Amino acid sequence: MSAVFTPIGEQVKQDLQDTGPPLQDRSFRWVLFGALSVGIITLAALLIFVFLEGYPRLTPTLWQNMPSIRFPEKAGAQSAIMGSIWVIVTTAVICLPVGIMAAIYLEEYADPTKRFNKLIEINIQNLAAVPSIVYGILGLGVIARALALGQTVITAALTLSLLVLPVVIISSREAIRAVPQSIRAGSLALGATQWQTISRQVMPAAVPGIATGAILALSRAIGEAAPLLLLGAVTFITFNPDGLMSSYTVMPIQIYNWISQSREEFQVLAAALCIILLGILLVMNAFAIYLRNRFQRRW
Amino acid sequence: MTTNEDATVGAQFGRAAASEKVDEAVMELRNVHVFYGDYEAVREVNMPIASREITAFIGPSGCGKTTLLRSFNRMNDLIPGARVAGEVLYHGVDIYSSDVDPIEVRRRIGMVFQKPNPFPKSIYDNIAYGPRVLGEKKANLDEIVERSLVRAALWEEVKDKLDTSGMALSGGQQQRLCIARCIAVNPDVILMDEPCASLDPIATAKIEDLMHELAAEYTIVIVTHNMQQAARVSDRTAFFTADVDAKGVRHGRLVEFGPTQDIFMSPKDSRTEGYISGRFG
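Protein chains in written order, with the working numbering: chain G, 1 to 299; chain S, 1001 to 1281.
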């Protein structure tokens, strides 16, 4: 049996008629999409250009051979690739523990109402915005010269650690803050100590978020050239680093070196090395996204 | 068990009438005030908590029931600016005394929260967590987990999936998991902060049955907004309300405390009577 409706049916039908979104909505939507396109198109153009330019030299010689300024056809970038790996791994070993521990302190122990802690907080936010060349000057003056570590892998790693530390701290804090207070309360109510609560409940729950932030921070560090220009990476290096006190060069610097050569072949080499650097960055970022999705939690 | 919407709640008492006087107290509040910064949330509470009985806190929203409950095991310590004045005695020891370890207090006085808060771990690890942090031997954990789940009336439902996440259970099961987690460390007192607030009537009935069973071994203090629930599960009831002072600030206050049947059937204070019969609050 079908129901009998009240007689306003026609009016309701008219009112409910879909006439599409108003003009204002549609036009604003296109403006927003246009803004997005600027970034996407630029990035796409860059990638395509670099790829077309560098593809012919994307051969095993690139990672098997050492740089050369006389024979572009035989030149490779193994010392720069190995240098980048040395520097970035050392940077990770230094800045991740320090940054994560600082984040734990700020989130779990510091009293946010104390003026001292507010001051630290504001400073960290500001440090994240300091230009990287300034860190280069700091590294040169303090780490390379005052601490006499010279122009070595460890100097570069310490400087890059300082550079990305604020990013690591900020992203780790966000991950730790995202763990609901009810988890902490539940743990403490069972007679767990604060440290047990942090190490066994809060940190395991925050690890995916921390890892994501850490990878993004390191992928910033691996692409940095400016501070390392001041720290001796410019020297022409035809050997792989063999320790923390070794001389080194890194991929962005090697690219810079080749670009500044006058011969056409070196431009192609630079583009080819760009592809490798971009590839590494892409893999790191993809891993970060994977971690974020894989461990996404519903509370 | 039915939910009785009738205002004459007195009809369903789940427990035998308690004696007028508390014979054996586990805890006692003496002149307790709770502050958040300068704000006095709870004012001058004096009451005992009887051993192996269920004490219910009832009263309108914002009268400080939960705040007071959280001062029983120093959970208020976690809120910046929270402070307790007066004495919260546990077997005669003031738990706010400077030489008392709050960790040890919380181990003996457990808590079940309003919203079920299982850890994002397996069912087994949820239960084993408490014993583990207290240094229980690995060999004993299986037995503790089973015993706790059996006592929380959850064992039959989860025994085949102990390694699945505690978050995957239904709301009512999660709350029983939290109760099991609490009894796994064998506390003396269990504080329950509106444990059924987010549960349906069937899950609520299961928790209430469980409380009756647990009362044989544990002292339970429960905050509830549901007067029928207080009548069904508690031996004694404390009625709180909020006084508004000259500046318009609300302060929670204990109005009346006594055996549940007396509070519901023959309240001495007109405010209690008004609340019980649904005229106020």
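C-beta: ideal position from N, C-alpha, C; glycine also. In this text, all values refer to a predicted model and were calculated from it rather than measured experimentally.
- Chain S has no Cβ within less than 7 Å of the Cβ of G/Leu16.
- By alpha-carbon distance to G/Tyr109, the top candidate from S/Leu1154, S/Glu1208, S/Ile1079 and S/Leu1089 is S/Ile1079.
- Closest by C-alpha distance to G/Leu106, out of G/Leu119, G/Cys95 and G/Ser247, is G/Leu119.
- Within 10 angstroms of the beta-carbon of S/Phe1240 lie 16 or more other beta-carbons, which makes it buried.
- Chain S places a beta carbon closer than 7 Å to that of G/Gly191, counting this residue as a contact.
- For G/Tyr55, the three-state secondary structure derived from DSSP is helix.
- Taking a C-beta cut-off of 9 Å against chain S, the contacting residues of the region 185–209 of chain G are Ala185, Gly186, Ser187, Leu188, Ala189, Leu190, Gly191, Ala192, Thr193, Gln194, Gln196, Thr197, Arg200, Gln201, Pro204 and Ala205, listed in chain order.
- G/Pro112 and G/Ile122 have their C-alpha atoms some 12 Å from each other.
- For S/Val1244, same chain residues with a beta-carbon under 7 Å away, outside a window of 5 residues either side, are Arg1250 in chain order.
- Contact annotation for S/Arg1176 against chain G: no contact, minimum CB-CB distance about 14 Å [criterion: below 9 Å].
- For G/Ile176, none of the residues of chain S pass the 7 Å Cβ criterion, the least Cβ distance being about 14 Å.
- Residue burial annotation: S/Ile1095 is buried, with at least 16 other C-beta atoms found within 10 angstroms of its C-beta.
- S/Glu1143: member of the alpha helix (DSSP H) spanning Lys1138 to Arg1151, first to last residue.
- For the region 104–123 of chain G, the set of positions with a beta-carbon nearer than 8 Å to some beta-carbon of chain S reads Asp111, Pro112 and Thr113 in chain order.
- By the CB criterion at 7 Å, G/Thr159 and G/Gly186 fall outside the cutoff.
- With contact defined as three or more Cβ pairs closer than 8 Å, the region 1047–1061 of chain S and the region 1217–1226 of chain S are in contact.
- For G/Gly191, the secondary structure class from DSSP, reduced to helix, strand or coil, is coil.
- Pairwise C-beta distances place the region 1067–1074 of chain S in contact with the region 1084–1103 of chain S, as three or more of them are shorter than 8 Å.
- Pairing G/Ile133 with G/Ala226 gives a Cβ-Cβ distance under 7 Å.
- Every unbroken stretch of the alpha helix (DSSP H) spanning 4 or more residues and falling wholly within the region 128–191 of chain G is given here in chain order: 132–138, 153–177 and 181–188.
- If you check each beta-carbon in the region 1133–1151 of chain S against every beta-carbon of chain G, the ones closer than 9 Å belong to Val1133 and Leu1134.
- In the displayed model, G/Tyr248 falls within coil according to three-state DSSP, outside both helix and strand.
- Beta-bridge annotation (DSSP): S/Asp1094 is paired with S/Leu1089.
- Below 8 Å, enough C-beta pairs join the region 79–87 of chain G and the region 240–258 of chain G to call them touching: three or more.
- No Cβ of chain G is located within less than 7 Å of the beta carbon of S/Arg1250.
- Separation of the CB atoms of S/Val1189 and S/Met1027 is rounded to 7 Å, and the pair is thereby assigned contact status at 8 Å.
- Secondary structure of S/Ile1109 (DSSP, three-state): strand.
- Sequence-distant partners of S/Glu1273 (beyond 5 residues in either direction) whose C-beta falls short of 6 Å from its own C-beta, in its chain, are Pro1267.
- Around S/Leu1029, no beta-carbon contact reaches into chain G at under 8 Å, the shortest distance being about 19 Å.
- Measuring C-alpha to C-alpha distances from S/Phe1264 to each of S/Val1255, S/Ile1276 and S/Leu1254 identifies S/Ile1276 as the nearest.
- Interface residue (Cβ-Cβ distance to chain G less than 7 Å): S/Ile1179 is not classified as such.
- For S/Thr1237, the enclosing beta strand (DSSP E) starts and ends at Arg1236 to Val1244.
- At a cut-off of 7 Å between beta-carbon atoms, S/Val1100 makes no contact with chain G.
- Taking 7 Å as the threshold, the shortest C-beta distance from S/Asn1117 to chain G falls below it.
- For S/Pro1131, same chain residues with a beta-carbon under 7 Å away, outside a window of 5 residues either side, are Leu1141, Ile1144, Ala1184 and Val1185 in chain order.
- For S/Thr1055, the enclosing beta strand (DSSP E) covers residues Ile1054 to Ile1058.
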